[in-house]
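K.L.:
Residue numbers (my numbering), protein chains in the order written: chain B, 1025 to 1234; chain X, 1362 to 1558.
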């Protein structure tokens, strides 16, 4: 049990008035604002932005409700959270290890740079010669050979990618954003992420990703 | 009643999935996460944070940490749920600390860090979640009992019974404005009593 620390108390955690004590205008205003926040919580629409002086009280009220009333985590929210968590963990695991294959030779950077420097002029010369030889060959071939007929245009366009594998706006997923949910960006990000992850999985499973 | 899990998982199936995940197939954790996310959210995280948005973030973070660190889990013949729960409790403490709120309120809301003791009693995650909810309910009811009757009534009518403000005011024979003040004071008194435990 921690020792009492007077400085640890929030500013308004003084004595609570008796139930029937008269309230001044300030208290009535705070009480009304709090009541409106509770309205949103009870209606299942947690407020996105809460004044700091009401934050703790609102959390106490929400925690109290959550302790005595059934609480649902909707199936779609659950799935979105699970997908997001899996993706984050897999990314972290991949980025965190950064393993290098033991079969590759490891060359100190200094020696490698020196070796590259020594070979460079010969590489340039060889490349230039090859390019010149290829150009000469093509020119001679074109002079001697009859012109081939141009290839027939493709009669069928490549089949377009399905919608879920293409870049597309997220507006249909997110829909209209009510003002009271303006701050709950994480919900919308999760919805979009889960949708894109489905497309990514479909593409990788079909072998389309290179 | 705790939110129903996505599907039932026998213990041997749970053990197999964990072994598979520890062997490198992290996606094998999916059925476990789907199963335990609802009780973690409903009985462990939300009642201690009191904020649905934060609770979902903590849940996501808890599940991601569990998957990332699954190699550290040792199967002991009981469900992985107590391990997940402990990760969640630690995350909740981090949230309270980072929010710099009253240490005593944070401690009170996060209450009880030590997990249960009897392996047999915690073999069933749903049983654990129900027991957790029962403990929370008992704490709430004990705290409410110590409040003045009008405060207790205001909380029971509005926060637990979910009656409208108008109806609550009508039953108490006061104006809506007076009821708002009564409820505000009631929650302040409840908070004050919780941190003094």
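Backbone N, C-alpha and C define an ideal beta-carbon position, used for all residues, glycine too.
What residue does the alpha helix (DSSP H) around residue 1538 of chain X start on, and which one ends it?
P.N.:
As a position in the second chain, residue 1538 of chain X is number 177, starting the count at 1. Residues 1537 to 1556.
K.L.:
Looking at the C-beta of residue 1187 of chain B, does it have a partner C-beta in chain X at a distance below 8 angstroms?
P.N.:
Here residue 1187 of chain B is taken as the residue at index 163 of the first chain, counted from 1. It does not: the Cβ of residue 1187 of chain B has no partner Cβ on chain X nearer than 8 angstroms.
K.L.:
What residue range is occupied by the uninterrupted alpha helix (DSSP H) comprising residue 1419 of chain X?
P.N.:
Position 58 of the second chain holds residue 1419 of chain X. It spans 1413 to 1429 - the alpha helix (DSSP H) in which residue 1419 of chain X sits, taken as one unbroken run.
K.L.:
Flag this pair as touching only if the region 1082 to 1090 of chain B and the region 1503 to 1521 of chain X have three or more C-beta atom pairs under 8 angstroms; answer yes or no.
P.N.:
yes
K.L.:
Could you give the first and the last residue of the continuous alpha helix (DSSP H) run that contains residue 980 of chain B?
P.N.:
Residue 980 of chain B is absent from the structure shown; chain B starts at 1025 and stops at 1234.
K.L.:
What residues from the region 1409 to 1436 of chain X come within 9 angstroms of chain B, judged by C-beta to C-beta, listed N to C?
P.N.:
1409, 1410, 1411, 1412, 1413, 1414, 1415, 1416, 1417, 1418, 1420, 1421, 1422, 1423, 1424, 1425, 1426, 1427, 1428, 1429, 1430 and 1431
K.L.:
Between the Cα of residue 1076 of chain B and those of B:1057, B:1118, B:1112 and B:1193, spot the shortest distance and give me the residue it belongs to.
P.N.:
Along the first chain, one-based indexing puts residue 1076 of chain B at 52. Ranking the options by Cα distance to residue 1076 of chain B, first place goes to B:1057.
K.L.:
If I follow the unbroken alpha helix (DSSP H) through residue 1024 of chain B, where does it start and stop?
P.N.:
Past the boundaries of the shown model lies residue 1024 of chain B; chain B is included only from 1025 to 1234, so the question cannot be answered.
K.L.:
Are residue 1431 of chain X and residue 1379 of chain X touching if we call contact CB-CB under 8 angstroms?
P.N.:
As a working note, residue 1431 of chain X is residue 70 in the second chain. As a working note, residue 1379 of chain X is residue 18 in the second chain. Residue 1431 of chain X is a Cβ neighbour of residue 1379 of chain X, given a cutoff of 8 angstroms.
K.L.:
State yes or no: is the beta carbon of residue 1454 of chain X nearer than 8 angstroms to at least one beta carbon in chain B?
P.N.:
Working through the second chain from its first residue, we reach residue 1454 of chain X at position 93. No, residue 1454 of chain X does not count as interfacial toward chain B.
K.L.:
State whether the region 1420 to 1430 of chain X contacts the region 1386 to 1404 of chain X, with contact taken as three or more CB pairs (one from each stretch) at a distance under 8 angstroms.
P.N.:
yes
K.L.:
Residue range of the alpha helix (DSSP H) that residue 1516 of chain X falls in?
P.N.:
Here residue 1516 of chain X refers to the residue found at position 155 of the second chain. Here the alpha helix (DSSP H) through residue 1516 of chain X covers 1510 to 1516.
K.L.:
Leaving aside the five residues before and after residue 1513 of chain X along the sequence, list all residues of the same chain whose C-beta is less than 7 angstroms from its C-beta, in chain order.
P.N.:
Numbered from 1 along the second chain, position 152 holds the residue referred to as residue 1513 of chain X. Taken in chain order, the residues that qualify are 1505.
K.L.:
I'd like to know if residue 1501 of chain X contacts chain B, where contact means its C-beta is closer than 8 angstroms to some C-beta of that chain.
P.N.:
Walking along the second chain from the start, residue 1501 of chain X turns up at place 140. Answer yes: the Cβ-Cβ gap between residue 1501 of chain X and chain B drops below 8 angstroms somewhere.
K.L.:
Pick from X:1371, X:1412 and X:1555: whose alpha carbon is nearest that of residue 1457 of chain X?
P.N.:
Start at 1 with the first residue of the second chain, and residue 1457 of chain X comes out as number 96. Nearest option by C-alpha distance: X:1412.
K.L.:
Cβ of residue 1523 of chain X less than 8 angstroms from any chain B Cβ?
P.N.:
Within the second chain, residue 1523 of chain X is the residue found at index 162, counting from 1. By this cut-off, residue 1523 of chain X is an interface position.
K.L.:
Would you say residue 1553 of chain X lies against chain B (beta-carbon separation less than 8 angstroms)?
P.N.:
Start at 1 with the first residue of the second chain, and residue 1553 of chain X comes out as number 192. So, interface residue.
K.L.:
Return the CA-CA distance between residue 1553 of chain X and residue 1499 of chain X, expressed in angstroms with no decimal places.
P.N.:
Position 192 of the second chain, counted from the start, is the residue given in the question as residue 1553 of chain X. Position 138 of the second chain, counted from the start, is the residue given in the question as residue 1499 of chain X. The alpha-carbon atoms of residue 1553 of chain X and residue 1499 of chain X are separated by roughly 18 angstroms.
K.L.:
Just verifying my parser: in three-state terms, what is the DSSP assignment at residue 1493 of chain X?
P.N.:
For the purposes of this step, residue 1493 of chain X is taken as residue 132 along the second chain, with counting starting at 1. Helix.
K.L.:
Between residue 1102 of chain B and chain X, is any beta-carbon pair separated by less than 8 angstroms?
P.N.:
Taking the first residue of the first chain as 1, we reach residue 1102 of chain B at position 78. So yes, residue 1102 of chain B belongs to the interface.
K.L.:
Grab me the residues of residue 1525 of chain X's own chain with a C-beta within less than 7 angstroms of its C-beta, minus the 5 sequence neighbours each way, in chain order.
P.N.:
Numbered from 1 along the second chain, position 164 holds the residue referred to as residue 1525 of chain X. If we look at residue 1525 of chain X and ignore the five residues flanking it on each side, it has no Cβ neighbours.
K.L.:
Please confirm if residue 1543 of chain X has its CB atom under 8 angstroms from at least one CB of chain B.
P.N.:
As a position in the second chain, residue 1543 of chain X is number 182, starting the count at 1. Residue 1543 of chain X counts as touching chain B.
K.L.:
Can you tell which of X:1383, X:1382, X:1395 and X:1405 has the C-alpha that lies nearest to the C-alpha of residue 1496 of chain X?
P.N.:
Here residue 1496 of chain X is taken as the residue at index 135 of the second chain, counted from 1. If you compare the alpha carbons of X:1383, X:1382, X:1395 and X:1405 with that of residue 1496 of chain X, the shortest gap goes to X:1405.
K.L.:
Could you pull the start and end residues of the alpha helix (DSSP H) that residue 1434 of chain X belongs to?
P.N.:
As a first step, residue 1434 of chain X must be located in the second chain, where it is residue number 73. Segment: none, residue 1434 of chain X is in no alpha helix (DSSP H) and carries neither H nor E.
K.L.:
Pick out whichever of B:1095, B:1039, B:1042 and B:1044 has its Cα sitting closest to the Cα of residue 1403 of chain X.
P.N.:
As a position in the second chain, residue 1403 of chain X is number 42, starting the count at 1. Closest by alpha carbon: B:1095.
K.L.:
Between residue 1116 of chain B and chain X, is any beta-carbon pair separated by less than 8 angstroms?
P.N.:
Taking the first residue of the first chain as position 1, residue 1116 of chain B is located at position 92. It does: the Cβ of residue 1116 of chain B has a partner Cβ on chain X nearer than 8 angstroms.
K.L.:
Can you grab the Cα-Cα spacing for the pair residue 1435 of chain X / residue 1383 of chain X, in whole Å?
P.N.:
The residue given as residue 1435 of chain X occupies position 74 in the second chain. The residue given as residue 1383 of chain X occupies position 22 in the second chain. Using only the alpha carbons, I get a separation of about 10 angstroms.
K.L.:
Could you tell me whether the Cβ of residue 1062 of chain B comes closer than 8 angstroms to any Cβ of chain X?
P.N.:
Position 38 of the first chain, counting from 1, holds the residue named residue 1062 of chain B. It does: the Cβ of residue 1062 of chain B has a partner Cβ on chain X nearer than 8 angstroms.
K.L.:
Taking the C-alpha atoms as reference points, what is the distance between residue 1102 of chain B and residue 1046 of chain B?
P.N.:
Counting from 1 along the first chain, the entry for residue 1102 of chain B is found at position 78. Counting from 1 along the first chain, the entry for residue 1046 of chain B is found at position 22. Taking the straight line joining both Cα atoms gives about 46 angstroms.
K.L.:
With respect to the alpha helix (DSSP H) encompassing residue 1525 of chain X, which residues constitute its N-terminal and C-terminal limits?
P.N.:
Working through the second chain from its first residue, we reach residue 1525 of chain X at position 164. From DSSP, residue 1525 of chain X is part of no alpha helix (DSSP H); its letter is neither H nor E.
K.L.:
Using the Cβ count rule (16 or more neighbours within 10 Å means buried), how would you classify residue 1201 of chain B?
P.N.:
What you label residue 1201 of chain B is simply residue 177 of the first chain in a count that begins at 1. When all chains shown are included, residue 1201 of chain B counts as exposed.
K.L.:
If we call anything under 8 angstroms between Cβ atoms a contact, is residue 1537 of chain X one with residue 1051 of chain B?
P.N.:
Taking the first residue of the second chain as position 1, residue 1537 of chain X is located at position 176. Taking the first residue of the first chain as position 1, residue 1051 of chain B is located at position 27. Result no, Cβ atoms of residue 1537 of chain X and residue 1051 of chain B do not sit closer than 8 angstroms.
K.L.:
Does the distance from the CB of residue 1516 of chain X to the CB of residue 1551 of chain X come in under 8 angstroms?
P.N.:
Translated into the one-based positions of the second chain, residue 1516 of chain X becomes position 155. Translated into the one-based positions of the second chain, residue 1551 of chain X becomes position 190. The answer is yes: Cβ separation under 8 angstroms.
K.L.:
How many angstroms separate the CA atom of residue 1544 of chain X from the CA atom of residue 1429 of chain X?
P.N.:
Against the second chain, residue 1544 of chain X aligns to sequence position 183. Against the second chain, residue 1429 of chain X aligns to sequence position 68. Rounded to the nearest whole angstrom, the CA to CA distance from residue 1544 of chain X to residue 1429 of chain X is 44 angstroms.
K.L.:
Would you say residue 1052 of chain B lies against chain X (beta-carbon separation less than 8 angstroms)?
P.N.:
As a position in the first chain, residue 1052 of chain B is number 28, starting the count at 1. For residue 1052 of chain B, the answer is yes, since a Cβ of chain X falls inside 8 angstroms of its Cβ.
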